[in-house]
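**Student:**
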Amino acid sequence: MADQHTVDVSALPPVEQGRGALEGLRVLDLATMMAAPWAATYLADYGADVVKAELPGTGDPVRKWGTQYKGVSLAWKTLARNKRLITLAMNKPEGQELVRRLVKDFDVLIENFRPGVMERWGLGPDVLQEINPKLIILRTSGYGQTGPFAERPGFGTLAEGFSGLAYITGADDRPPSIAGYPLADGVAALTGAMAVLAAVYWRDVNGGKGQVIDNAITEATYRLIDYTMLDWEKRGVIRKRSGNRLADLAPRNTYQCSDGHWISISGGTQAIVERMFRVMDRPELITDPRFLDNETRLQNVADLDEVIAEWVGRHPQEEVLRRFEEARVAAAAVHDISQVAEHPHFKARELLQRIDDPELGPTSVTHVHPRLSETPGGVSRLGGVMGQDNESFYLDEVGLSEEEYRKLKDVGAI
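Position 50, counted from 1, in the sequence shown is what our numbering calls 1433; the numbers after and before it change by one each time, with no gaps.
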């Protein structure tokens, strides 16, 4: 029986192995770390054949990141799922020539080197698309391929600050905050994958050619808050930090219950707020001048939060959620990861499924999301051993001779 403080993997349903909508799409993932490889992972989840290349002997830095279990990075296991793994040294002439040989058989190439590096290696878009005019190239970088900051190193953490997101995140009396997880990288991964699919559609449906996608992590992150630019443009207002509150809506916060657990509340409509006041046995607040509408509630948000916190704080979480649910008030529990694993709703939706991993054994894996009804995709493997697919890829698929393969290994190109 599994330890009560861990996921009972044996009770999870087996991992889905459905057909993927992107079957037949071939992706060469030359990127490292988070944002760009993550975009490739999303494509792989839906059936794309993703071949990930790593520097021989070194590998992707993510292999050394985060929690290690049995000598393996758990972050790597998730980030590199569904990918075939090869080694390839693009900083060597032999490796560069090999890339030029490979791209003729791929639909998409993904890279995240500093702008100019691929060009210096003779692997710029002009070279690669001359070999394969239908090749789609996703270039993810901190600041984009152009502009005065283009060649600066850029990571998701920097993007949260540079984009303006960190400035409006956190408590008003505390320093700007960055997320406790790779938020900007995740956003750039999604915009990158979305742009690849748009380029594939243009190429395959509209008879277009391959395109180059300039995916700046800073701009992908800024897109989350671009509406605040209109506040500055039209009203001269620079948004400030407001904690859990939102400058556009009240109430919107987390509140602690009498048993120490937390809930989150969002007053998305006037009707929801009025129902909330009735549940709290405070119907007079509906006509209170401070809380008449969203505008007045925003002006008196501290008073509003105090009223809600006082009522919530007198009741256990289960009761608060039950009463709010009965009254159709938008509220939810604030969960830690163990509660996510055990919640009946997530279990019913099979958020976690079971996969047998050669290194970790039976392991939970998050199902492909969103799910497609006819071609849901699936997870066939977690991130594996560096270069584990070298022989089958280079010898059987690319068609290298045994001698070519040995020579490339000898010079450290693969």
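For each residue, glycine too, the CB sits at the ideal point set by N, CA and C.
Computed from a prediction, not measured in an experiment: that's the story for all the values here.
1) Classify LEU1548 as buried or exposed, calling it buried when 16 or more other Cβ atoms lie within 10 Å of its own Cβ.
2) With a threshold of 6 Å on Cβ separation, who are the neighbours of ASP1386 within its own chain once the five nearest residues in sequence on each side are excluded?
3) Give me the DSSP bridge partner(s) of ALA1716.
4) Which residue marks the beginning of the alpha helix (DSSP H) containing ILE1600, and which one marks its end?
5) Cα separation between GLU1602 and THR1441?
6) From this set, GLY1454, TRP1459, SER1393, which residue's C-alpha is nearest TRP1421's C-alpha?
7) Where does PRO1508 fall in DSSP's three states?
8) Taking the alpha-carbon of THR1679 as reference, which of ARG1711, ILE1646, ARG1535, PRO1634 has the nearest alpha-carbon?
9) Could you round the C-beta distance between ALA1796 and LEU1481 to whole angstroms and report it? I think they count as a contact, below 8 Å.
10) I need the straight-line Cα distance from ASP1556 to ARG1628, nearest angstrom please.
11) Could you pull out every residue in the same chain whose Cβ sits closer than 7 Å to the Cβ of ARG1658, ignoring the five residues on either side in sequence?
12) Helix, strand or coil, according to DSSP, for ARG1705 in the structure here?
13) Got a sec, what are the start and stop residues for the beta strand (DSSP E) ALA1436 sits in?
14) For ILE1469, which residues of its own chain have a beta-carbon under 8 Å away from its beta-carbon, when the five flanking residues on both sides are left out?
15) What does GLU1494 pair with, by DSSP beta-bridge criteria?
16) Which residues in the same chain as ARG1697 place their Cβ atom closer than 7 Å to its Cβ, once the five residues preceding and following it in sequence are excluded?
17) Across which residues does DSSP place LYS1466 in a beta bridge pair?
18) Per DSSP, what are the beta-bridge partners of VAL1632 in this structure?
19) Measuring only the C-alpha atoms, how far is ALA1716 from HIS1644?
20) Please state the DSSP three-state secondary structure of SER1456.
21) Note down the Cα distance separating GLU1534 from THR1749, rounded to an integer number of angstroms.
22) What are the start and end residues of the alpha helix (DSSP H) that includes LEU1755?
23) To the nearest angstrom, how far is it from the Cα of GLY1539 to the Cα of ILE1669?
24) Can you tell me the Cα-Cα spacing of ASN1474 and TRP1504, whole angstroms?
25) Can you tell me which of the three DSSP states LEU1765 falls into?
26) For the alpha helix (DSSP H) containing PRO1745, list its first residue and its last residue.
27) In chain order, what residues of the same chain lie with their CB nearer than 7 Å to the CB of ARG1622, ignoring the 5 residues before and after it?
28) Restricting to Cα atoms, I'd like to know which of LEU1462, ALA1472, LYS1466, GLN1736 is closest to ALA1431.
29) For LEU1704 and LEU1511, I'd like the C-alpha separation in whole angstroms.
30) Residue range of the beta strand (DSSP E) that GLN1400 falls in?
31) Just curious, the alpha helix (DSSP H) that ASP1688 is in, first and last residue?
**Tutor:** Per the coordinate set shown:
1) Position 165 of the sequence shown, counted from the start, is the residue given in the question as residue 1548. Counting Cβ neighbours within 10 Å, LEU1548 comes out buried, since at least 16 surround it.
2) Against the sequence shown, residue 1386 aligns to sequence position 3. At ASP1386 the pLDDT is 43, less than 50, meaning the model places this residue with poor confidence; the figure from the coordinates comes in the next sentence. None.
3) Your numbering for residue 1716 matches position 333 in the sequence shown. Looking at the DSSP assignment, ALA1716 forms a beta bridge with ILE1646.
4) For the purposes of this step, residue 1600 is taken as the residue at position 217 of the sequence shown. Element bounds for ILE1600: 1600-1605.
5) Here the question's residue 1602 lines up with position 219 in the sequence shown. Here the question's residue 1441 lines up with position 58 in the sequence shown. Going by the C-alpha atoms only, they are around 30 Å apart.
6) Stepping through the sequence shown from its first residue, residue 1421 is reached at position 38. Comparing Cα-Cα distances from TRP1421 to each of GLY1454, TRP1459, SER1393, the minimum goes to TRP1459.
7) In the sequence shown, the residue the question calls residue 1508 occupies position 125. Reduced to three states, the DSSP call for PRO1508 is helix.
8) The sequence position of residue 1679 within the sequence shown is 296, counting from 1. With respect to the C-alpha of THR1679, the residue from ARG1711, ILE1646, ARG1535, PRO1634 having the closest C-alpha is PRO1634.
9) One-based indexing of the sequence shown puts residue 1796 at position 413. One-based indexing of the sequence shown puts residue 1481 at position 98. Their Cβ separation, rounded to whole angstroms, is 6 Å, which keeps ALA1796 and LEU1481 in contact under 8 Å.
10) As a first step, residue 1556 must be located in the sequence shown, where it is residue number 173. As a first step, residue 1628 must be located in the sequence shown, where it is residue number 245. Using only the alpha carbons, I get a separation of about 13 Å.
11) If you number the sequence shown from 1, residue 1658 lands on position 275. Around ARG1658: ALA1710, ARG1711, VAL1712.
12) Mapped onto the sequence shown, residue 1705 falls at position 322. ARG1705: helix per DSSP, three-state reduction.
13) Taking the sequence shown and counting its residues from 1, one reaches residue 1436 at position 53. Start and end: 1432-1437.
14) Taking the first residue of the sequence shown as 1, we reach residue 1469 at position 86. VAL1434, LYS1435, ALA1436, GLU1437, GLY1770, ASP1772, ASN1773, PHE1776, TYR1777, ILE1797.
15) Locating residue 1494 in the sequence shown gives position 111, where the first residue counts as 1. DSSP output for GLU1494 lists ARG1522 as bridge partner(s).
16) As a working note, residue 1697 is residue 314 in the sequence shown. Excluding sequence neighbours, ARG1697 sits near SER1641.
17) Counting from one through the sequence shown, the residue named residue 1466 turns up at place 83. LYS1466 pairs with VAL1433.
18) In the sequence shown, residue 1632 corresponds to position 249, counting from 1. The sequence as given places Leu at residue 1632; Val does not occur at that position. Bridge partners of LEU1632: LEU1629.
19) The residue given as residue 1716 occupies position 333 in the sequence shown. The residue given as residue 1644 occupies position 261 in the sequence shown. Near 8 Å, if we compare the C-alpha coordinates of HIS1644 and ALA1716.
20) Position 73 of the sequence shown holds residue 1456. Strand.
21) In the sequence shown, counting from the first residue as 1, residue 1534 sits at position 151. In the sequence shown, counting from the first residue as 1, residue 1749 sits at position 366. If I take the Cα positions, the gap works out to 35 Å.
22) The sequence position of residue 1755 within the sequence shown is 372, counting from 1. Where LEU1755 is concerned, there is no enclosing alpha helix (DSSP H), given that its DSSP letter is neither H nor E.
23) Looking up residue 1539 in the sequence shown gives position 156. Looking up residue 1669 in the sequence shown gives position 286. The alpha-carbon atoms of GLY1539 and ILE1669 are separated by roughly 43 Å.
24) Residue mapping note: residue 1474 aligns to position 91 of the sequence shown, counting from 1. Residue mapping note: residue 1504 aligns to position 121 of the sequence shown, counting from 1. Distance between the alpha carbons of ASN1474 and TRP1504: 7 Å.
25) On the sequence shown, residue 1765 is found 382 positions in, with the first residue counted as 1. Here LEU1765 sits in coil by DSSP.
26) Taking the sequence shown and counting its residues from 1, the one referred to as residue 1745 is at position 362. Looking at the DSSP string, PRO1745 is not in any alpha helix (DSSP H); the run it does join, the beta strand (DSSP E), is 1744-1749.
27) Taking the first residue of the sequence shown as 1, we reach residue 1622 at position 239. Taken in chain order, the residues that qualify are ILE1551, THR1611, ASP1614, ALA1630.
28) Sequence index remark: in the sequence shown, residue 1431 carries index 48 (1-based). The residue with the shortest Cα to Cα distance from ALA1431 is LYS1466.
29) On the sequence shown, residue 1704 is found 321 positions in, with the first residue counted as 1. On the sequence shown, residue 1511 is found 128 positions in, with the first residue counted as 1. If I take the Cα positions, the gap works out to 57 Å.
30) Taking the first residue of the sequence shown as 1, we reach residue 1400 at position 17. First-last of the beta strand (DSSP E) with GLN1400: 1400-1403.
31) Looking up residue 1688 in the sequence shown gives position 305. Where ASP1688 is concerned, the enclosing alpha helix (DSSP H) stretches over 1684-1695.
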